[in-house]
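Listed below in structure tokens is the structure:
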């Protein structure tokens with residue numbers, strides 16, 4: 001305001017300092033009713049909104065290989081998710097077993113190479 005081209009007068013009821021305007025936090029009953037009416041007009045949907053899950057059927061894009069359409073029924077959905085989790089754990093277990101077998105085979109081959117390398121050449 002000090003830099004304004006045309007000086008303006010400050011409002012006379014301007015409050016400076018740490019004053020708290022409690023009316024803003026504790027409105028009168030008539031103000032509360034008006035605020036509730038405005039909120040009712042604005043919020044046509046329930047607050048908070050109901051839980052919704054991703055619905056792949058609403059998507060236009062092509063789904064990839066890993067796409068799985070869960071049920072919309074909450075109990076069935078939970079069962080499907082539990083089955084999927086169990087299948088994932090089974091897959092990870094099998095992968096670990098295969099990796100262990102691969103490592104064992106790799107060590108056996110390496111030991112054979114060392115034994116063959118330790119033999120004296122026949123020249």
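In full-length UniProt numbering, the protein residues as written are 1 to 123.
Virtual Cβ for every residue (Gly too), placed ideally from N, Cα, C.
Treat the numbers as computed from the prediction; the structure is a model and nothing was measured.
Item	Value
Simplified DSSP state of residue 74, which is helix, strand or coil	helix
Own chain residues within Cβ distance below 8 Å of residue 45, not counting five before or after	none
Contacting residues, own chain, Cβ-Cβ under 8 Å from residue 63 (five flanking each side not counted)	56
Enclosing alpha helix (DSSP H) for residue 42 [first to last residue]	29–42
Per-residue DSSP class, three states only, for residue 149	Past the edges of the chain, shown from 1 to 123, lies residue 149, and the structure says nothing about it.
Straight-line Cα distance separating residue 80 from residue 102	33 Å
Span separating the alpha-carbon of residue 66 from that of residue 89	16 Å
Distance, residue 108 Cα to residue 115 Cα	11 Å
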